[in-house]
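These notes concern the structure reproduced below.
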Amino acid sequence: MIRADFRLERIGLSIQAEFSVPAKGVTAIFGPSGSGKTTLLRVLAGLEPAVGSLTVNDACWLSPNSFLVAHKRRLGYVFQEPSLFTHLSVWGNLQYGWKRGSRPAWSVDDVVEMLSLGDLLKQRPETLSGGEQQRVAIARALLGNPRLLLFDEPLSALDIESRSQLMPFLEKVLQHNDIPAFYVSHSPDEVARLADHLILMEKGRVVDYGALAEMLGNLDSNLALSDEAFSVLEGTIVQSSAPGLTCVKTDGGHRLYVPLHSSEAGSAVRLKVSAKDVSLCLIKPDKTSIINILPSNIKSISKVSNNGSRTLKLDAGGAQLLSRVSDFSCQQLQLRPGLDVFAQIKSAALVF
Amino acid sequence: MIAIESRAICVCCLLGFSLLGTPKISADTITVAVASNFAETLEAISTKFEQQFPHDVVLVRGSSGRHFAQIVNGAPFDVFLSADTRRPQALVDAEVVENSKVKPYAIGRLALWSSIPTANKLPRERLVEGDFNHLAIANPRLAPYGKAAMEVLENIGLASLIQSSSENTLVYGENVAQAFQFVATDNAELGFVALSQVINSVPDEEYWQVPADLHAPIVQSLAQLTDTEAVKQFLNFLTGSEGSLLLRQQGYLLPTQN
Amino acid sequence: MQPSDITALIISLKLAAYSTLILLVLGTPLAWWLSQTRNRLKPVLEALIALPLVLPPTVLGFYLLIGFAPSGPIDSLLDSLGIPSLAFSFQGLVVGSVIYSLPFVVQPLQTAFVGLGKRQLELAATLGAGPLDRFFTIVLPLSKLGYLTAAVLGFAHTLGEFGVVLMIGGNIPGETQVVSIQIYDHVEALDYTSAHTLALGLLLISFLVLLAVYGINRQSRLVTLQ
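As given, the protein sequences belong to chains P, L and A, one line each in that order. In terms of the working numbering, the first sequence opens at residue 497 and continues consecutively. In terms of the working numbering, the second sequence opens at residue 73 and continues consecutively. In terms of the working numbering, the third sequence opens at residue 12 and continues consecutively.
In structure tokens form, the structure reads like this:
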């Protein structure tokens, strides 16, 4: 477990954090710009002095009487801007952390292969593209045998193409190891794809933390009450019967059709469904262009937001699904918890 | 009305006083380039001169080599009082000045000075016994006082000893003023300085007035660069009876004496 | 050129070399501290270090002359350590040169360190590098240009030093007789030919040294680009 209860007060840089997350998987730190996410990460890294306590797997990194220095914490930190050591080659960069720690949990060759760095090893950082530099930064972080991985919006400094190229690498890295990771992001897409747990921040404070589904389904949170609310469905790619579309079988047994994707049958995927792309019907729709229709049951309904909409939490055959509906429609259809409905998800709404 | 009148009277008075404030109606300024060792003496002489004559004397003190270079390049000095004869002669050779305008004005004397006198030992004894780490002299190559100091050392028979000794070192100042400085700050225990530098300011037992026969005479010559009445008056005063008195008081010998 | 001129050249080059080396070693922790600290005393220290930039060298030399005197505190300290007096000695000149050229070495180093920014150092820390480790493996390699500038400036400045040496040197051949004083003396003695020769000699040597330094710098840059 990673337990934290600390605060940092400086001019222009104050945060207050209290959370407890498992030391396994990816914990996303999510919130609007300026909410203190990067500062939180820096405190975890020991790069900012905070007051309070922080334990990582029973190791005390921060307490009222002690402060473990950054270089003794064994971290893998990936910044937003690729920050490779400019006076060393790619190989020199990779070796840096490794030379200073115990042997990494996997071999250098594996990491190099996993991140496709084979051709780049002898080059100097300034000759690489942004995406390539980030891959090297990630490999360097892994090879330092870290106890904690910290990612600070590693994709936001890249162009869209590089981002989509780098994302699969990130997924691979985060899934294939046991090291707990913190991932700062303001992108719901990234959170949907990568996170297992979520820490929500607003105006320098941690307002909530927990497993992803719970957090997303907390209808009191600002996230759920906004048009950015979304759900995450897990499933596997299966043989598709519709040409031009890929079929995903959810863990709940439903089949969803999404735009054609190059992943092979059998691969495990996650789907992000924006709540505002989920509309509701009391009777099963017929002859409609929307293919994905899931029978669901309403679990709870949020209060009305500023724009006159409400968020409904649905149980779609075991999977949690959110839907944004105008208050007017809620009244018209007399929607209430316990009611069975049909949830329509526009195909294009599913995002890999 | 009255106010304006009184203001006008004030202004006239001020103007009048400012005119009165320059009592010298046909006043001249005489600029003298003077060797550092003679500067103090020249100040005393100038003060007396200014009391009797309506002119101003401006002293520019410094090294004679520099003065020479400046004069050759047109510096507006009226008189050049050198530390030696070489530089005024060089001015003649360079045809900057006529031979008739160059003549000796003083003969310098050496003193051996120790600012931290050890009990019961005179400076001369300390020199002969080698009781010092550093002996300061002016650079013999540049300064006639340094050259004279070397001659003294040779004549006493100490020159080669000192050159080869590791405990006693010769330390060279750029000029005799710097040699004085080294001794004054206690960095050199002994130093050959100009007699004029110590004669009226330092207790007698702290220095040895070096006999004039231990070295070639330090003849200091002057060059007259401009030919105005004022300059002539000044030079006459310098070489006349009042000037000579002050010179002797400061430890210099007169050029006709030897 | 006369043998005494050659000796003077050697003394000057030795003085410049020793002073520069000492300054690079002393200046590094000083410049580093200044680049990292937010201490209130920082402006005081920076002003002190910059003093030799504005003080006439003769003022510095004058106070050193007084300071080195046998009756003074410096000398009694040295005496107790068994070190001979600094007045009129090569060691004294080195001390004077170190003080005189201090800002020329500390300031370029400080600028180089500040220019590094914090990012790479923080990363090195997260990868397990302690403070000294970070300094030698990150700061130094990335500050090469700063060190080069500091070394060149310190060397050149000391080579041309006149006022300080004039006050405390004593012009002792083979010990404290440096080229700048020698040239001045040649002019004083109306020996303009020797002055020309020596000045040109100094110019040539200085130029060659600087050329070599900048040439090496360019070489190492080309190598790293491969």
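No residue lacks a Cβ here, since even glycine has one placed at the ideal position from N, Cα and C.
- Per the coordinates, the alpha-carbon of Gly-93 (chain A) lies some 36 Å from the alpha-carbon of Val-220 (chain A).
- Secondary structure at Asp-276 (chain L): helix, using DSSP grouped into helix, strand and coil.
- Pro-126 (chain L) and Ile-192 (chain A) have their alpha carbons spaced roughly 42 Å apart.
- The beta carbon of Asp-86 (chain A) lies closer than 7 Å to those of Phe-79, Ala-80, Ser-96 in the same chain, with the five residues before and after it left out.
- At a Cβ-Cβ threshold of 7 Å, Ala-691 (chain P) and Val-574 (chain P) do not count as neighbours.
- DSSP places Tyr-158 (chain A) in the uninterrupted alpha helix (DSSP H) bounded by 155 to 170.
- By a beta-carbon distance limit of 8 Å, Ala-738 (chain P) contacts Tyr-753 (chain P). Their separation comes to about 6 Å.
- Boundaries of the alpha helix (DSSP H) harbouring Ser-46 (chain A): 14 to 47, taken from the DSSP string.
- Chain P has a Cβ within less than 7 Å of the Cβ of Thr-137 (chain A).
- Classified as buried, Gly-180 (chain L) has 16 or more neighbouring CB atoms from the shown chains inside 10 Å of its CB.
- Residues of the stretch 127 to 153 of chain A with a Cβ closer than 9 Å to any Cβ of chain P, in chain order: Lys-129, Arg-130, Gln-131, Glu-133, Leu-134, Ala-135, Ala-136, Thr-137, Leu-138, Gly-139, Ala-140, Gly-141, Pro-142, Asp-144, Arg-145, Thr-148, Ile-149, Pro-152, Leu-153.
- Shown here, Thr-523 (chain P) sits in a strand according to DSSP, grouped into three states.
- Gly-165 (chain A) is a Cβ neighbour of Leu-34 (chain A), given a cutoff of 7 Å.
- Residues of chain L whose Cβ lies closer than 9 Å to the Cβ of Pro-81 (chain A) are, in chain order, Ile-188, Asn-205, Asp-258, Asn-259, Glu-261.
- DSSP lists P:Asp-811 as the bridge partner or partners of Gln-816 (chain P).
- In this structure, Arg-636 (chain P) lies away from Ser-585 (chain P), with their beta-carbon atoms at least 7 Å apart.
- Taking the Cα of Gly-597 (chain P) as reference, the smallest distance to any Cα among A:Gly-126, A:Val-109, A:Gly-139, A:Ala-135 is reached at A:Gly-139.
- Check the Cα spacing between Leu-729 (chain P) and each of P:Leu-719, P:Lys-799, P:Gly-749, P:Leu-741: the tightest is with P:Gly-749.
- Contact note: Ser-135 (chain L) reaches chain A through Glu-199, using a C-beta cutoff of 7 Å and chain order.
- Under a criterion of Cβ atoms nearer than 7 Å, the residues of chain A adjacent to Phe-581 (chain P) are, in order, Gln-131, Ile-149.
- Contact annotation, Leu-194 (chain L) with Val-282 (chain L): C-beta distance approximately 12 Å; criterion of less than 8 Å not satisfied.
- For Asn-793 (chain P), the secondary structure class from DSSP, reduced to helix, strand or coil, is strand.
- Cβ proximity to chain A below 8 Å picks out Leu-214, Thr-241, Leu-242, Val-243 from the stretch 214 to 243 of chain L.
- If you draw a 10 Å sphere on the C-beta of Met-711 (chain P), you find 16 or more other C-beta atoms in it, and that means buried.
- For Phe-149 (chain L), no chain A residue has a C-beta closer than 8 Å to its own C-beta; the minimum C-beta separation is roughly 18 Å.
- The Cβ of Gly-588 (chain P) sits no closer than 7 Å to any Cβ of chain A.
- Secondary structure at Lys-668 (chain P): helix, using DSSP grouped into helix, strand and coil.
- Judged by their CB atoms, Leu-201 (chain A) and Ala-161 (chain A) are not nearer to each other than the 7 Å cut-off.
- In the DSSP annotation of this structure, the continuous segment of the alpha helix (DSSP H) that includes Gly-78 (chain A) starts and ends at 68 to 79.
- With distances taken between CA atoms, Arg-659 (chain P) lies nearest to P:Gln-629 out of P:Ile-675, P:Gln-629, P:Leu-645.
- Two segments are said to touch when three or more pairs of C-beta atoms, one from each, lie closer than 8 Å; by this definition the stretch 560 to 580 of chain P does not touch the stretch 502 to 517 of chain P.
- Per DSSP, reduced to three states, the secondary structure at Met-497 (chain P) is coil, with no helix or strand assignment.
- The continuous beta strand (DSSP E) containing Thr-101 (chain L) extends over residues 101 to 107.
- Taking a cut-off of 8 Å for Cβ pairs, the stretch 544 to 553 of chain P and the stretch 586 to 596 of chain P do not touch, as fewer than three such pairs fall below it.
- The beta carbon of Gly-640 (chain P) sits closer than 7 Å to some beta carbon of chain A.
- For Arg-751 (chain P), the pairing in a beta bridge is given by DSSP as P:Lys-745.
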